[in-house]
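Visitor:
Protein chains in written order, with the numbering used here: chain A, 1 to 83; chain B, 1001 to 1083; chain C, 2001 to 2155; chain D, 3001 to 3155.
(1) Using a threshold of 9 Å, state whether the C-beta atoms of residue 1031 of chain B and residue 1074 of chain B are closer than that.
(2) For residue 3013 of chain D, go through chain C and note every residue whose CB falls closer than 8 Å to its CB, in chain order.
(3) If we count the other Cβ atoms within 10 Å of its Cβ and call it buried at 16 or more, is residue 1067 of chain B buried or exposed?
(4) Is the stretch 1005-1017 of chain B in contact with the stretch 3141-3149 of chain D, if contact means three or more CB pairs nearer than 8 Å?
(5) Listing by chain order, which chain A residues have their CB less than 8 Å from the CB of residue 3067 of chain D?
(6) Report the residues of the stretch 3099-3131 of chain D with a CB closer than 7 Å to any CB of chain A, ordered along the chain.
(7) Can you list the residues of chain D that residue 2037 of chain C reaches, using a CB-CB cut of under 8 Å?
(8) For residue 2104 of chain C, name the three-state secondary structure that DSSP assigns.
(9) Under 9 Å, Cβ to Cβ, is there at least one residue of chain E near residue 3064 of chain D?
(10) Should residue 17 of chain A be labelled buried (16 or more other beta-carbon atoms within 10 Å of its own) or exposed?
(11) Quickly, what does DSSP pair residue 1067 of chain B with across the bridge? List them, please.
(12) Taking the alpha carbon of residue 26 of chain A as the point to measure from, which residue in A:51, A:80 and A:65 has its own alpha carbon closest?
(13) Taking the straight line between their C-alpha atoms, what separation do you get for residue 2098 of chain C and residue 83 of chain A?
(14) Is there contact between the stretch 3083-3100 of chain D and the stretch 39-55 of chain A, where contact requires at least three CB pairs shorter than 8 Å?
(15) Go ahead and pull the three-state DSSP assignment for residue 3053 of chain D.
(16) Taking 9 Å as the threshold (beta carbon to beta carbon), is residue 2133 of chain C in contact with chain B?
(17) Check each residue of the stretch 2076-2090 of chain C: if its Cβ is closer than 7 Å to any Cβ of chain B, include it; give the result in chain order.
(18) Counting contacts by CB-CB distance shorter than 9 Å, is residue 1061 of chain B in contact with chain C?
(19) Using 8 Å as the cut-off, can you tell me whether the stretch 3046-3062 of chain D makes contact with the stretch 2124-2135 of chain C, which would need three or more C-beta pairs spanning the two stretches below that distance?
(20) Measuring only between beta-carbons, confirm whether residue 3034 of chain D sits less than 9 Å from chain C.
(21) Ignore the nearest five residues each way along the sequence and tell me which others in residue 3155 of chain D's own chain have a CB closer than 6 Å to its CB.
(22) Quick check on residue 2009 of chain C: buried or exposed, where buried means 16 or more other Cβ atoms within 10 Å of its Cβ?
(23) Residues of chain D with a CB under 7 Å from the CB of residue 2148 of chain C: which are they?
(24) What does residue 3121 of chain D pair with, by DSSP beta-bridge criteria?
(25) Is the CB of residue 2005 of chain C under 9 Å away from at least one CB in chain D?
(26) Using DSSP with H/G/I as helix, E/B as strand and the rest coil, what is residue 42 of chain A?
(27) Residues of chain C with a CB under 8 Å from the CB of residue 3042 of chain D: which are they?
(28) Alpha carbon to alpha carbon, how far is residue 36 of chain A from residue 72 of chain A? Give it in angstroms, no decimals.
(29) Quick check: is the beta carbon of residue 6 of chain A nearer than 9 Å to any beta carbon in chain D?
(30) Could you pull the start and end residues of the alpha helix (DSSP H) that residue 2014 of chain C belongs to?
(31) Against chain D, does residue 1 of chain A count as a neighbour if the rule is that its beta carbon must be under 9 Å from one of theirs?
(32) Whether or not the stretch 3035-3051 of chain D and the stretch 2101-2112 of chain C are in contact is what I'm after, with contact meaning three or more pairs of Cβ atoms, one per stretch, closer than 8 Å; do they touch?
(33) Near residue 2091 of chain C, which residues of its chain fall below 8 Å by C-beta distance, leaving aside the five closest residues on each side in sequence?
(34) So the candidates are B:1023, B:1040, B:1058 and B:1021; which of them puts its Cα closest to the Cα of residue 1015 of chain B?
(35) Taking CB distances under 9 Å as the criterion, tell me whether residue 3057 of chain D reaches chain A.
(36) Would you mind stating whether residue 3026 of chain D and residue 3016 of chain D have Cβ atoms separated by less than 9 Å?
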């Protein structure tokens, strides 16, 4: 499965880029995070504290148990600070 | 003691005028109301339900027990409906 | 802080712009506008009577209380009297505070006090009738809630 | 109902005036504006990042929820992104309802949801530092309060 992964705010800064296309067979968001963390220190730093990470799958907020079936875009970011 | 008495909204309409100068020896607002009610049917109708009457003495909201010492202006009106 | 009583219409946009332009420490501005509503479709106009000798001081006092209670940087109250058409603005308030919750609470408090403690009386006139708007029990309940909230905080 | 995401400044007064001009059944209009605040006197500017693919839909959804929950005649949300100077307006909401309490509650609800559910991230930049603004626990608590209020009313 080929995904677009997006990173925002300090997650983006730690990962080192804002967007990438990524080939994975991860079944859930949690599986995907595990794969990313194993890639390099930047990803590991970005995902060090999962309580500070939010995720959207195909632009809908969801949680780490969400399955990645037929999805095209996953985004990781800190808690939002709009308003 | 010579007072200016002001009437507003439906109190004014029932009394029949908006303002008068009135000579009284009433000690409190309640005493003044009793004097007014005795004058004619318009005043009696205006003050028939005292729970629907508010009073200001010298432009400060107060209650019927307020003494009328050295005061110059008394105003009677229904509950306010600003905003 | 700022209060005005007037018969003429006010320019909401200009008022809010002027209000905002002088702020130095606020991150939050809330405004409220009350419009003449025609629920039944039969309202011809509204007439607002007021107590000229008392009105301005009452508005000023209410605004000062809101500023102090919620630590507002500024508060504005404008209230009209006289004849108003459906859809016209009756009054407005604006509040500015460092934080959002204070600006909202300040505006809500101002409105609760204006409803029941500012000497205005509204009359609704249609072709067939002329009715003084009645105060609602809930208006007094709203005021009582602010007092009991203060008492709870202070105790 | 109406939502906009934009980098350019907006004209708050003009937006609220346009918003008010189309109302037919509302007696109450509430607006809120959030300004860039410089608490320490050292803020150079704020930078707001957002998630372009998601932002507009999120704002639209939040506005629709507020309209439905409080029976609003109309709601407006405008949120900026990019570089903003101290004192500049970050965003605004406006709500219109027949009655005052619904207009106030609708605006407060919109703000609570925008704080924590709209994909914006604020960074404060001064001469010496660049800090992402942290979400507050109380922001989530504010959202939870709306849900439990609904649950209580529905039960």
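Don't be surprised by glycine CBs; every beta carbon is placed ideally from N, CA and C.
Guide: The relevant details are as follows:
(1) no
(2) Result: 2012, 2013, 2014, 2016 and 2017.
(3) exposed
(4) no
(5) Contact note: residue 3067 of chain D does not reach chain A at a C-beta cutoff of 8 Å; the least C-beta distance is about 18 Å.
(6) 3111, 3114, 3115, 3116, 3117, 3118, 3119, 3120, 3121 and 3122
(7) 3025, 3026, 3027 and 3098
(8) helix
(9) In the structure shown, chain E cannot be found, because the protein chains are A, B, C and D.
(10) Residue 17 of chain A is classed as exposed because its beta carbon has fewer than 16 other beta carbons within 10 Å across all chains shown.
(11) B:1028
(12) A:65
(13) Approximately 14 Å, taken between the alpha carbons.
(14) no
(15) helix
(16) Yes, residue 2133 of chain C counts as interfacial toward chain B.
(17) 2079
(18) Put simply, the CB of residue 1061 of chain B is near chain C, with a gap under 9 Å to one of its CB atoms.
(19) no
(20) yes
(21) Here residue 3155 of chain D scores only 48 on pLDDT, less than 50, and its place in the model should not be relied on; the value that follows carries that caveat. Counting only Cβ-Cβ distances below 6 Å, and skipping sequence neighbours, we find nothing.
(22) exposed
(23) The contacting residues do not exist; residue 2148 of chain C stays about 18 Å from chain D at best.
(24) D:3049
(25) It does not: the Cβ of residue 2005 of chain C has no partner Cβ on chain D nearer than 9 Å.
(26) helix
(27) None at all; the shortest Cβ gap to chain C is about 14 Å.
(28) 17 Å
(29) yes
(30) 2012-2021
(31) no
(32) no
(33) 2033, 2034, 2077, 2078, 2079, 2080 and 2114
(34) B:1040
(35) Yes, its Cβ sits closer than 9 Å to a Cβ of chain A.
(36) no
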